[in-house]
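Its first residue numbered 271, the sequence shown is counted upward by one per residue in this note's numbering. This report concerns only the one structure given below.
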Amino acid sequence: MSAELRLDSVVAGYGARAVLHAVSLDVAPGSSLVVVGPNGSGKSTLMRVVTGLIRPQSGRVIWDGRDITALDAPGRARLGLGYVPQEANVFRNLSVLDNLKLGHEFIASGGARALRERLDAVLALFPEIVPKLNVAAGLLSGGQRQMVAMGAALMPSPRLLALDEPSAGLSPLNASRLFDVVQRVAHTGVTLFMIEQNTRLGLAAADRGLVLVAGQVRARAPSQELLANGQLQSLYLGAH
Numbered sequence: 271m272s273a274e275l276r277l278d279s280v281v282a283g284y285g286a287r288a289v290l291h292a293v294s295l296d297v298a299p300g301s302s303l304v305v306v307g308p309n310g311s312g313k314s315t316l317m318r319v320v321t322g323l324i325r326p327q328s329g330r331v332i333w334d335g336r337d338i339t340a341l342d343a344p345g346r347a348r349l350g351l352g353y354v355p356q357e358a359n360v361f362r363n364l365s366v367l368d369n370l371k372l373g374h375e376f377i378a379s380g381g382a383r384a385l386r387e388r389l390d391a392v393l394a395l396f397p398e399i400v401p402k403l404n405v406a407a408g409l410l411s412g413g414q415r416q417m418v419a420m421g422a423a424l425m426p427s428p429r430l431l432a433l434d435e436p437s438a439g440l441s442p443l444n445a446s447r448l449f450d451v452v453q454r455v456a457h458t459g460v461t462l463f464m465i466e467q468n469t470r471l472g473l474a475a476a477d478r479g480l481v482l483v484a485g486q487v488r489a490r491a492p493s494q495e496l497l498a499n500g501q502l503q504s505l506y507l508g509a510h
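Now the structure itself:
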C-alpha cells in the first residue's frame with residue numbers, strides 16, 4: 271500500500287539560516303510529484319527534510335496522518351520511505367545482485383522465498399541490468415548504476431520512493447532512458463517524490479509539479495500545465 275506525504279509550512283535550513291520558507295506540499299497515495307527550480311532554490315534541503323536527514327526549524331512533516339517531523343531517517347525507512355540519494359547510492363565493489371540483496375535485507379524479512387519474489391518483481395522493472403547481475407556495480411554506466419540504486423531501494427517494497435536528482439551526471443540519452451524507467455516505477459503504484467534538475471524530463475515523468483524558487487513555492491499544478499506555461503519556463507525553469 272502506498273503512502274501519503276504532506277508538508278505543512280516547513281521552514282528549514284542550516285544553523286540560523288533558513289533555506290526553505292513556509293513550504294507546503296502534498297503527495298497523494300500512489301501519485302508522483304516532482305520539485306523543479308533553479309540551482310540554489312532549496313530543492314536539496316527539501317529532500318533532506320522529507321527523508322529525515324535534517325529537522326525543520328518549524329512546520330510539520332505528515333505521513334499518512336501521522337506527524338513524523340521528529341522521526342529520523344532510519345525511522346522513516348522503517349515506515350516504508352525508500353530513498354535514492356544523488357551520489358554514493360550503490361556499493362561499487364559489490365555485484366549488482368549483492369546490491370539488490372542488501373537493499374532487501376536492510377529492512378525486509380521473510381526468507382529466501384520473499385527475497386526471490388522481490389528480485390523477480392524488481393528485475394522486471396529494470397531488464398537492462400539483468401545481464402549485469404554478477405558485474406561489480408562500479409563497472410556499470412551511470413544510468414545503469416542509477417537503476418541498481420533504484421532497484422535496491424525498491425527491494426523492501428517501500429510505500430514511498432524519494433529520488434534525489436536522478437539524472438545528475440548522465441548524458442541526455444542516458445537521462446532519457448532512465449526516466450523511461452522512472453515512469454515504469456511510478457506505474458507500480460508506489461508514491462513517488464523527486465527533485466530533478468532536468469525540468470522537462472522530471473515533469474514528463476510525474477503527475478504533478480512544484481516550482482521552488484529561493485526556498486518558496488512559486489507554482490504547483492499538473493505537470494503538463496507547467497510544461498505548457500511559457501512564462502514559468504522562461505522565468506524559473508530555464509532551458510532544460
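In this text, a Cβ means the ideal position worked out from N, Cα and C, and glycines have one as well.
The DSSP-derived three-state label of Gln467 is coil. Val455 is not a Cβ neighbour of Arg429, given a cutoff of 8 angstroms. According to DSSP, Ala489 shares a beta bridge with Val481.
Glu466 and Glu387 have their C-alpha atoms spaced approximately 31 angstroms apart.
The Cβ-Cβ distance between Val289 and Thr315 falls below 8 angstroms. Ranking Val481, Ala407, Pro344, Glu398 by CA distance to the CA of Leu367 puts Ala407 first.
Burial state of Gln494 is exposed, judged by a 10 Å Cβ sphere holding fewer than 16 other Cβ atoms. The alpha-carbon separation between Arg325 and Ile338 amounts to approximately 10 angstroms.
Gly485 is a Cβ neighbour of Gly312, given a cutoff of 8 angstroms.
The beta carbons of Leu496 and Leu473 sit about 6 angstroms from each other, so the pair counts as a contact at 8 angstroms. Considering only Leu393, Pro436, Asn309, the residue with the shortest C-alpha distance to Leu462 is Pro436.
By the 16-neighbour rule on beta-carbons within 10 angstroms, Asp390 is exposed.
Residue Glu274 holds the alpha-carbon nearest to the alpha-carbon of Arg346 among Gly413, Gly412, Val306, Glu274.
A Cβ-Cβ distance of about 6 angstroms is found for the pair Gly412 and Asn444, placing them in contact under the 8 angstroms criterion. Its Cα nearest to that of Thr469, the residue Ala438 stands out among Ala438, His457, Val451, Thr458.
In this structure, the straight-line span from the alpha carbon of Pro492 to that of Gly373 is close to 32 angstroms.
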